[in-house]
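> Dumping the structure here so I can ask a few things about it.
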Amino acid sequence: MKKKKKEEEEEEEEGEEEEEEKGLCFPVFGIMLEYEKSGELKTKSIDLLDLSPSTDVSALVEEIQKAEPLITASRSHQVKLLIQRLQDKLREHSDHQFELFKVLRAHILPLTNVALNKSGSCFITGSYDRTCKVWDTASGGELFTLDGHRNVVYAIAFNNPYGDKIATGSFDKTCKLWSVETGKCYHTFRGHTAEIVCLSFNPQSTLVATGSMDTMAKLWDIQNGEEVFTLTISFNPQGNRLLTGSSDKTSRIWDAQTGQCLQVLRGHTDEIFSCTFNYKGNIIITGSKDNTCRIWH
1 MKKKKKEEEE EEEEGEEEEE EKGLCFPVFG IMLEYEKSGE LKTKSIDLLD LSPSTDVSAL
61 VEEIQKAEPL ITASRSHQVK LLIQRLQDKL REHSDHQFEL FKVLRAHILP LTNVALNKSG
121 SCFITGSYDR TCKVWDTASG GELFTLDGHR NVVYAIAFNN PYGDKIATGS FDKTCKLWSV
181 ETGKCYHTFR GHTAEIVCLS FNPQSTLVAT GSMDTMAKLW DIQNGEEVFT LTISFNPQGN
241 RLLTGSSDKT SRIWDAQTGQ CLQVLRGHTD EIFSCTFNYK GNIIITGSKD NTCRIWH
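Residue numbering for the sequence shown follows full-length UniProt numbering, beginning at 1 and increasing consecutively.
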């Protein structure tokens, strides 16, 4: 994955050079582009994780063309055919009747969470026994036990679509980043003051976000293990507005239904540790590391 990332960076830096497109194929839920650049054959993938049997293929191809210069007008028809073939595969499974395949006695204590990699070839389980286990889906065999947390492993995730890393969040207030190939722990992210209950990778697999019972959400850089941002969160009493306070010294009001940022509250000179609405939802108080609290109405 590091090699792939390096290639993508080179593509940005060498944007002036000509790129000769070679071909198209598709992996699971995506399109793989093959093209020649500076005499070297390269590949690039376009993920279609939101593709469904009801997706408007023509509109989707137009979106892809706008975002990806490699998809030229001459290739748009071929891309459309590939996506339609993917849709056909999805339709094959839409009426599938599931049957029990295996029962795994995965942990000695109750399970808290499960997650699959993109292809479904392996999956992970978290447990009250303080471990996360990696399993082969076809055989049901255990591949690794990720051991290192000091309390319940509650939140788990693959860095899909790549699937080469796993993040685990625990009641011990830490998040750990692991290698799928070796089971090695790359980083332990520390900073939360209460149990971590949810986490997720960004699509580029450069960041992992953690949510905790300390009402904080934190963003971590998976390369160097450092904290990038901290968000503190509060809903208004009506539940239609979300208030966040951040280490970027601002507080923001969001529409809880659309995710749109409605207002940015600026003024603090250091990170914001806490923010809250009053009972009526017409007053906001923010508290900051700059030794001040601010009242907004």
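Here a beta-carbon is modelled for each residue, glycine too, at the ideal position from N, C-alpha and C. These figures come from a predicted structure and were not determined experimentally.
Taking only the alpha-carbon atoms, compute the straight-line gap between S247 and F229 and give it to the nearest angstrom.
Using only the alpha carbons, I get a separation of about 6 Å.
> Count the other CB atoms within 10 Å of the CB of C275; is the residue buried (16 or more) or exposed (fewer)?
When all chains shown are included, C275 counts as buried.
> How many angstroms separate the CA atom of T244 from the CA atom of S251?
Spanning the two alpha carbons is a distance of roughly 5 Å.
> Starting from the C-beta of S205, find all residues in its chain whose C-beta is less than 6 Å away, skip the five residues before and the five after it, and write them out in chain order.
Only N159, Y162 meet the Cβ criterion.
> Which partner residues of Q263 appear in the DSSP bridge assignment?
DSSP lists I253 as partners of Q263.
> Leaving out the 5 sequence neighbours to the left and right, which residues in its chain are closer than 6 Å to Y128 when beta-carbon positions are compared?
The answer, listed in chain order, is L109, P110, V152.
> Given a cut-off of 7 Å, decide if I233 and T215 are closer than it, judged by their beta-carbon atoms.
Result yes, Cβ atoms of T215 and I233 sit closer than 7 Å.
> Given 8 Å as the limit, is there contact between the region 117 to 124 and the region 98 to 108, that is, 3 or more CB pairs closer than that?
No, they do not touch.
> Let's test the definition: count the other Cβ atoms within 10 Å of the Cβ of Y154 and tell me whether it reaches 16, buried, or not, exposed.
Under this definition Y154 is a buried residue.
> Given 6 Å as the limit, tell me if K42 has its C-beta closer than that to any heavy atom belonging to the ligand ZN.
As for the ligand ZN, it is missing from this structure, which has no ligand bound.
> L262: buried (16+ other C-beta within 10 angstroms of its C-beta) or exposed?
Looking at its Cβ environment, which holds fewer than 16 other Cβ atoms inside 10 Å, L262 is exposed.
> So within the region 17 to 85, which uninterrupted beta strand (DSSP E) runs reach at least 3 residues, ignoring any that extend past its ends?
The region 17 to 85 contains these whole beta strand (DSSP E) runs: 19 to 25, 30 to 37, 40 to 47.
> Please classify L86 as buried or exposed, where buried requires at least 16 neighbouring CB atoms within 10 angstroms.
L86 is buried by the Cβ-count criterion.
> With H, G and I counted as helix, E and B as strand and the rest as coil, what does DSSP make of E227?
The answer is strand: DSSP assigns E227 an E or B state.
> By the three-class DSSP mapping on this structure, what secondary structure does residue 310 have?
Residue 310 is absent from the model: the chain starts at 1 and stops at 297.
> Buried or exposed: which applies to S38, given that a residue is buried once 16 or more other Cβ atoms fall within 10 Å of its Cβ?
When all chains shown are included, S38 counts as exposed.
> Measure how close the beta-carbons of I46 and E63 come, nearest whole angstrom, since I'm counting them as under 8 Å.
No, I46 and E63 are not in contact; Cβ-Cβ is about 10 Å, not under 8 Å.
> In terms of alpha-carbon separation, which member of T286, F171, H192 lies closest to K218?
It is H192.
> Across which residues does DSSP place R190 in a beta bridge pair?
Note: R190 sits in a beta bridge opposite T174.
> Rounding to the nearest angstrom, what Cα-Cα distance links Q238 and G281 in this structure?
Between Q238 and G281, the C-alpha separation is close to 8 Å.
> Using the Cβ count rule (16 or more neighbours within 10 Å means buried), how would you classify H149?
Result: buried.
> Out of S288, S76, T131, point me to the one whose CA is closest to H107's CA.
That would be T131, whose Cα lies nearest to the Cα of H107.
> Report the three-state DSSP secondary structure of E195 (helix, strand or coil).
Here E195 sits in coil by DSSP.
> Using CA coordinates, which residue listed in Q84, G30, R75, Q78 is at the minimum distance from S54?
Out of Q84, G30, R75, Q78, Q84 has the C-alpha closest to the C-alpha of S54.
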